[in-house]
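*Asks:*
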Amino acid sequence: MFSSTRHLFASSHPGPSVAVTVLAIILGAAVGLSPGRLVLLATVVLVGQLSIGWSNDWLDARRDRLSARDDKPLANGTIAVATVRAAALVALVASVPLSLMLGPASAAAHLVFVVCGWAYNIRLKATVVSVVPFMIGFGALPAVVTYAAEPPVPPAAWTLVVGALFGVAVHFTNALPDLDDDLRTGIRGLPHRLGVRRAGRLAFVCLGLAGLIALLGQSGVFVGAPTTPPIVGAAGAAGVFCLVVWGLVLVATRPPGRALFRVIIAAAVLLAVELAVAGTTLIAISTS
């Protein structure tokens, strides 16, 4: 029983699933969600991400076997396809009532994120618009968080742009290690068409733009009033830009690996922690 549970969890893409959930928790703390709402938010986001991860392994089972992906439980036969398919569908269905517990606006934003993940897994990953679900999905994450507040509030527009840029970076760096296997099995998404170097560079350019926009947003450039102490915003931006340089060096000097994805996630967590520590609310400021 324990072994089956472990293999099922391994099929959920636990790293990305947990990372996105942690980001949501940190952002939830930044907007002042109560402990109960934070737990609910974490549960909602985690279940949605698990559904996406399980659907990915389920739908890619044949290709992963052809590519001899021994790190995938479905590919090495340690868990049945039917089990992972059932888990994906149960998590997908459960996402709807769980999301609604956060309120209709937050639920709508979260379900957009989930639908984008499924759309990518089912079809869009093999097309030139493979990046679009990541842009829309990660762009919606700040809205999931701010609309989960009591009362719900809209997110600042710049946070949606930052989320979308992170989505580009996440997609490219997550896809790069598997480019050759994907091409052999008929997957030609945008990073495959760009190639390793160009896709890697573009990922970190987007990360740098996200850091710059976050710095400007926290400095009050878009609303006319600072939301974060300048030294905090500058420190966070400096950290992100250091990660950008590190990432570009890795792209130029090493074969594509999971380290690139970890750099992107580290940058996302850094910015999220910075916002939470500084007390930034990420909400749209009314001009009325």
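Quick note: the sequence shown uses this note's numbering, first residue 1, plus one each step. All C-beta atoms in this analysis are idealised placements derived from N, C-alpha and C, irrespective of residue type, glycine included.
Please confirm if the stretch 79-98 is in contact with the stretch 18-26, defined as three or more CB-CB distances below 8 Å between the two stretches.
*Replies:* no
*Asks:* Give the straight-line distance between the Cα atoms of THR287 and SER219, rounded to the nearest whole angstrom.
*Replies:* Here residue 287 refers to the residue found at position 287 of the sequence shown. Here residue 219 refers to the residue found at position 219 of the sequence shown. Per-residue confidence for THR287 stands at a pLDDT of 40, beneath the threshold of 50, marking its modelled position as unreliable; no derived number is given.
*Asks:* From ARG85 to LEU40, what distance separates their C-alpha atoms?
*Replies:* The residue you call residue 85 lines up with position 85 of the sequence shown. The residue you call residue 40 lines up with position 40 of the sequence shown. ARG85 and LEU40: Cα-Cα distance of roughly 25 Å.
*Asks:* Pop quiz: LEU243 and VAL263 are said to be a contact at Cβ under 8 Å. What is the actual Cβ separation, rounded to whole angstroms?
*Replies:* Counting from one through the sequence shown, the residue named residue 243 turns up at place 243. Counting from one through the sequence shown, the residue named residue 263 turns up at place 263. That belief holds up - the Cβ atoms of LEU243 and VAL263 are roughly 5 Å apart, short of 8 Å.
*Asks:* Which of the three DSSP states is assigned to PRO152 in this structure?
*Replies:* Position 152 of the sequence shown, counted from the first residue, corresponds to residue 152. If DSSP states are grouped into helix, strand and coil, PRO152 belongs with coil.
*Asks:* Where in the stretch 12-46 do unbroken runs of the alpha helix (DSSP H), each at least 4 residues long, occur, reported from the N-terminal end onward?
*Replies:* 14-30
*Asks:* Assuming ARG65 is part of the alpha helix (DSSP H), what are its boundary residues?
*Replies:* If you number the sequence shown from 1, residue 65 lands on position 65. It spans 61-66 - the alpha helix (DSSP H) in which ARG65 sits, taken as one unbroken run.
*Asks:* Counting Cβ pairs closer than 8 Å, one from the stretch 94-104 and one from the stretch 34-52, do we hit at least three?
*Replies:* yes
*Asks:* Give a yes or no on contact between the stretch 122-131 and the stretch 177-192, applying the rule of three or more CB pairs nearer than 8 Å.
*Replies:* Short answer: they touch.
*Asks:* Using CA atoms only, rank isn't needed, just tell me which of VAL168, ALA68, ALA169 is closest to ASP180.
*Replies:* As a first step, residue 180 is located in the sequence shown; it is residue number 180 there, counting from the start. Of the listed residues, the one whose Cα sits closest to ASP180 is ALA68.
*Asks:* What's the gap between the Cα of GLY292 and the Cα of GLY15?
*Replies:* The shown model of the chain, from 1 to 288, leaves out residue 292, and the question about it has no answer.
*Asks:* Rounding to the nearest angstrom, what Cα-Cα distance links PRO191 and TRP58 in this structure?
*Replies:* Indexing the sequence shown from 1 puts residue 191 at position 191. Indexing the sequence shown from 1 puts residue 58 at position 58. Cα to Cα, the separation comes out at about 22 Å.
*Asks:* Are ALA10 and PRO154 closer than 7 Å when you measure CB to CB?
*Replies:* Within the sequence shown, numbered from 1, the residue matching residue 10 stands at position 10. Within the sequence shown, numbered from 1, the residue matching residue 154 stands at position 154. No, Cβ-Cβ distance for ALA10 and PRO154 is not below 7 Å.
*Asks:* Using 8 Å as the cut-off, can you tell me whether the stretch 137-151 makes contact with the stretch 206-215, which would need three or more C-beta pairs spanning the two stretches below that distance?
*Replies:* no
*Asks:* In angstroms with no decimal places, state the Cα-to-Cα distance between VAL205 and ALA234.
*Replies:* Residue mapping note: residue 205 aligns to position 205 of the sequence shown, counting from 1. Residue mapping note: residue 234 aligns to position 234 of the sequence shown, counting from 1. Computed Cα separation, rounded: 18 Å.
*Asks:* Would LEU33 be called buried (16 or more neighbouring beta carbons within 10 Å of its own) or exposed?
*Replies:* The sequence position of residue 33 within the sequence shown is 33, counting from 1. Classification of LEU33: buried, given that the 10 Å Cβ count is 16 or more.
*Asks:* Three-state secondary structure (DSSP) at ILE231?
*Replies:* In the sequence shown, the residue the question calls residue 231 occupies position 231. Looking at ILE231 - three-state DSSP - the assignment turns out to be helix.
*Asks:* Output needed for ALA140: all residues of its chain with C-beta closer than 6 Å, excluding positions within five of it in sequence on either side, in chain order.
*Replies:* One-based indexing of the sequence shown puts residue 140 at position 140. Closer than 6 Å at the Cβ level, and outside the excluded window around ALA140, lie ALA109, VAL112, PHE113.
*Asks:* Can you have a look at ALA143 and say buried or exposed, based on whether 16 or more other CB atoms are within 10 angstroms of its CB?
*Replies:* Here residue 143 corresponds to residue number 143 of the sequence shown, with the count starting at 1. Buried.
*Asks:* Among ARG197, PRO177, PRO133, which one has its Cα closest to the Cα of GLY167?
*Replies:* Here residue 167 refers to the residue found at position 167 of the sequence shown. Residue PRO133 is the option with its Cα nearest to GLY167.
*Asks:* LEU260 and THR173: beta carbons closer than 7 Å?
*Replies:* Translated into positions along the sequence shown, residue 260 becomes position 260. Translated into positions along the sequence shown, residue 173 becomes position 173. The answer is yes: Cβ separation under 7 Å.
*Asks:* When you compare only the Cα positions, how much space is there between ARG62 and PRO73?
*Replies:* Start at 1 with the first residue of the sequence shown, and residue 62 comes out as number 62. Start at 1 with the first residue of the sequence shown, and residue 73 comes out as number 73. Roughly 12 Å separates the two Cα atoms.
*Asks:* Chain D beta carbons: is any one of them nearer than 7 Å to that of SER95?
*Replies:* Absent here is chain D; the protein component of the structure consists of one chain.
*Asks:* Going by C-alpha distance, which of ALA75, ALA42, MET135, LEU282 is nearest LEU207?
*Replies:* Residue 207 sits at position 207 when you count from the first residue of the sequence shown. Closest by alpha carbon: MET135.
*Asks:* For TRP79, which three-state DSSP category applies?
*Replies:* To locate residue 79, count along the sequence shown from 1; it is residue 79. First, the residue type needs correcting, since residue 79 is Ile and not Trp in the sequence shown. In the structure shown, ILE79 sits in coil (DSSP, three-state: anything other than H, G, I, E or B).
*Asks:* By alpha-carbon positions, which one of ALA199, THR5, ALA82, ILE52 ends up nearest to VAL115?
*Replies:* As a position in the sequence shown, residue 115 is number 115, starting the count at 1. Nearest of ALA199, THR5, ALA82, ILE52 to VAL115, Cα basis: ILE52.
*Asks:* Rounded to whole angstroms, how far is the Cβ of PRO256 from the Cβ of PRO177, which I believe are closer than 8 Å?
*Replies:* Position 256 of the sequence shown, counted from the first residue, corresponds to residue 256. Position 177 of the sequence shown, counted from the first residue, corresponds to residue 177. Confirmed, Cβ separation roughly 5 Å.
*Asks:* So which of VAL251, LEU215, THR253, LEU250 has the shortest CA-CA distance to VAL240?
*Replies:* In the sequence shown, the residue the question calls residue 240 occupies position 240. Selected option, being the one with the closest Cα: LEU215.
*Asks:* For GLN187, which three-state DSSP category applies?
*Replies:* In the sequence shown, the residue the question calls residue 187 occupies position 187. Checking the displayed sequence, the identity of residue 187 turns out to be Ile instead of Gln. It is coil, neither helix nor strand.
*Asks:* Return the CA-CA distance between VAL161 and ILE79, expressed in angstroms with no decimal places.
*Replies:* Your numbering for residue 161 matches position 161 in the sequence shown. Your numbering for residue 79 matches position 79 in the sequence shown. The straight-line gap from Cα to Cα measures roughly 39 Å.
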